[in-house]
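Let me begin by presenting the structure, written as structure tokens, before commenting on it.
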Amino acid sequence: MRGSASAPGKAILLGEHAVVYTKPALAIPLPQLRAVASFRPAEQPLTIQAADLPGRSWQWGAGDSSDPLGKMATLSLRHLGCDAPKGEITIRSAIPIASGLGSGAAVSAALGRAIAALCHVEIPNVELNALVYEVEKLHHGTPSGIDNRTVVFEQPIYFQRGQPIESIRPPRRLNFLLADTGVPALTRETVAAVRRLLREEPERTQSQLDQIASAVDSARAALEAADVFRLGAMMTANHGFLRDLGVSSPALDTLATAAIQAGALGAKLSGGGRGGHIIALVEADTTWSVRQALQTAGALRIHAASLGG
Ligand code: MEV
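Basically my numbering = 1-based index in the sequence shown + 49.
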């Protein structure tokens with residue numbers, strides 16, 4: 050059987066970093082930006098090629114099982130009880146790497162689904178989510194689990210570690226623009242930097258994490274009431290708290306400011322920070338001007354995303 054399996058990228062609306070410390074966060078899937086794993090049966094043992102991930106390939110019995118592709122493949126095969134897999138998997142991803150959009154989780158999820166298909170078994174999302182989380186530890190060190198949860202279930206969520214996941218749905222469509230600084234940044238490093246800050250300046254850092262948590266809850270209420278002004282204000286406030294935590298960068302600040310000056314209702318970095326993307330809340334009549342301003346301010350790529358409606 051040949052075919053393909055996929056998973057979307059994700060964007061964090063509010064709450065990154067604080068979510069690692071059991072605070073809540075809001076995240077949405079990005080259905081238009083996907084990692085796709087095409088699979089076909091073959092005579093030889095399973096091989097995996099990942100064209101958009103330079104130098105990345107893996108072969109059953111010969112490949113390194115400690116890199117993310119190898120780890121996802123070996124974990125999935127073991128979990129599925131599939132001992133002598135044969136076939137070829139080619140992964141292509143439209144999700145920029147190391148840029149806060151969940152590329153690692155999406156590639157792992159698409160790969161897990163393709164392996165299950167080659168092994169002629171179904172893999173329920175709950176099980177896939179747990180496997181992808183294990184691989185996220187290689188990418189992020191101490192991941193909260195929000196990336197894998199958003200990507201595997203492909204649902205907008207209010208996420209808090211250890212609590213039941215709640216889905217979110219605004220009463221009307223909300224539009225966002227994601228703009229890429231073009232600077233790759235490793236989430237593992239920014240998460241480690243916040244952890245260091247928490248050790249060195251516990252009171253101040255804890256209070257910033259608490260402020261992020263309040264902004265998330267206020268944003269959720271605003272989102273569910275379609276109060277775009279309040280939602281935008283909370284996003285911008287969240288950017289300020291993240292900047293205080295040391296995970297913004299001049300390029301992220303420049304893009305966020307450009308978006309707001311051009312009429313966005315709010316803007317903030319999204320994901321691990323120090324590079325990657327900003328996310329801006331826009332209305333239909335300001336989308337064009339915000340897009341233009343982001344381009345002028347140096348955005349490498351701009352993607353539209355929406356929620357509800
Ligand atoms: C990364 O997309 C979001 C962070 O909060 C890390 C995590 O939640 O694992 C920075």
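Beta carbons are placed, not taken as given, at the ideal position from N, Cα and C, and that holds for glycine.
Remember, predicted model here, so these are calculated numbers, not experimental data.
Opposing strand residues paired with residue i [DSSP bridges]
{"i": "residue 207", "result": "75, 215"}
{"i": "residue 328", "result": "227, 317"}
{"i": "residue 147", "result": "Residue 147 pairs with nothing; no bridge assigned."}
{"i": "residue 322", "result": "None; residue 322 has no bridge partner."}
{"i": "residue 114", "result": "The partner list for residue 114 (beta bridge, DSSP) is empty, contrary to what the question assumes."}
{"i": "residue 89", "result": "137"}
{"i": "residue 360", "result": "Any answer about residue 360 is impossible in this case: the structure gives the chain only from 50 up to 358."}
Cβ pair residue i, residue j closer than 8 Å
{"i": "residue 226", "j": "residue 351", "result": "yes"}
{"i": "residue 311", "j": "residue 284", "result": "no"}
{"i": "residue 223", "j": "residue 356", "result": "yes"}
{"i": "residue 362", "j": "residue 268", "result": "Summary: the structure shown does not reach residue 362, with the chain confined to residues 50 through 358, and so no result is reported for it."}
{"i": "residue 159", "j": "residue 233", "result": "no"}
{"i": "residue 272", "j": "residue 309", "result": "no"}
{"i": "residue 183", "j": "residue 124", "result": "yes"}
{"i": "residue 58", "j": "residue 152", "result": "yes"}
{"i": "residue 157", "j": "residue 117", "result": "yes"}
{"i": "residue 126", "j": "residue 164", "result": "yes"}
{"i": "residue 190", "j": "residue 237", "result": "yes"}
{"i": "residue 196", "j": "residue 326", "result": "no"}
{"i": "residue 282", "j": "residue 346", "result": "no"}
The alpha helix (DSSP H) enclosing residue i, as first and last residue numbers
{"i": "residue 352", "result": "Residue 352 -> not in any alpha helix (DSSP H); beta strand (DSSP E) instead, spanning 351 to 356."}
{"i": "residue 189", "result": "174 to 189"}
{"i": "residue 157", "result": "152 to 167"}
{"i": "residue 273", "result": "251 to 273"}
{"i": "residue 198", "result": "195 to 202"}
{"i": "residue 281", "result": "277 to 293"}
{"i": "residue 141", "result": "No alpha helix (DSSP H) contains residue 141, which is instead part of the beta strand (DSSP E) from 135 to 142."}
{"i": "residue 105", "result": "That residue, residue 105, is in no alpha helix (DSSP H); its beta strand (DSSP E) goes 105 to 108."}
{"i": "residue 299", "result": "299 to 310"}
Identity of the residue in the options nearest residue i by Cα
{"i": "residue 214", "options": "178, 330, 221, 278", "result": "178"}
{"i": "residue 173", "options": "161, 184, 183", "result": "161"}
{"i": "residue 84", "options": "195, 332, 123, 154", "result": "154"}
{"i": "residue 280", "options": "59, 64, 55", "result": "64"}
{"i": "residue 98", "options": "122, 72, 258", "result": "122"}
{"i": "residue 69", "options": "127, 108, 211, 57", "result": "211"}
{"i": "residue 292", "options": "338, 126, 243, 184", "result": "243"}
{"i": "residue 82", "options": "125, 200, 238", "result": "200"}
{"i": "residue 51", "options": "61, 190, 90, 129", "result": "90"}
{"i": "residue 247", "options": "57, 66, 55", "result": "66"}
{"i": "residue 301", "options": "101, 231, 335", "result": "231"}
{"i": "residue 358", "options": "274, 219, 124", "result": "219"}
{"i": "residue 287", "options": "134, 182, 305, 333", "result": "305"}
{"i": "residue 61", "options": "325, 320, 261", "result": "320"}
{"i": "residue 354", "options": "347, 332, 341", "result": "332"}
{"i": "residue 314", "options": "132, 324, 339, 323", "result": "339"}
{"i": "residue 323", "options": "241, 235, 256", "result": "235"}
{"i": "residue 253", "options": "295, 53, 203, 54", "result": "295"}
{"i": "residue 170", "options": "130, 203, 197", "result": "130"}
{"i": "residue 176", "options": "72, 128, 54, 167", "result": "128"}
{"i": "residue 71", "options": "326, 202, 290, 255", "result": "255"}
{"i": "residue 264", "options": "335, 290, 277, 111", "result": "290"}
{"i": "residue 139", "options": "108, 344, 132", "result": "108"}
{"i": "residue 134", "options": "115, 96, 100", "result": "96"}
{"i": "residue 303", "options": "261, 168, 348", "result": "348"}
{"i": "residue 208", "options": "251, 275, 239, 262", "result": "262"}
{"i": "residue 86", "options": "94, 93, 186, 106", "result": "106"}
{"i": "residue 77", "options": "274, 181, 203", "result": "203"}
{"i": "residue 168", "options": "187, 88, 344, 239", "result": "88"}
{"i": "residue 94", "options": "55, 344, 329, 132", "result": "132"}
First through last residue of the beta strand (DSSP E) which encompasses residue i
{"i": "residue 96", "result": "96 to 99"}
{"i": "residue 337", "result": "Unbroken run through residue 337 is the alpha helix (DSSP H), 336 to 345; no beta strand (DSSP E)."}
{"i": "residue 33", "result": "Residue 33 cannot be examined here, being either before or after the span of the chain that is shown, 50 to 358."}
{"i": "residue 117", "result": "Per DSSP, residue 117 belongs to no beta strand (DSSP E); it is in the alpha helix (DSSP H), 117 to 129."}
{"i": "residue 53", "result": "52 to 63"}
Residue-chain proximity (residue i, chain C), Cβ-Cβ < 8 Å
{"i": "residue 231", "result": "Among the chains of the structure shown, chain C does not appear; only one protein chain is present."}
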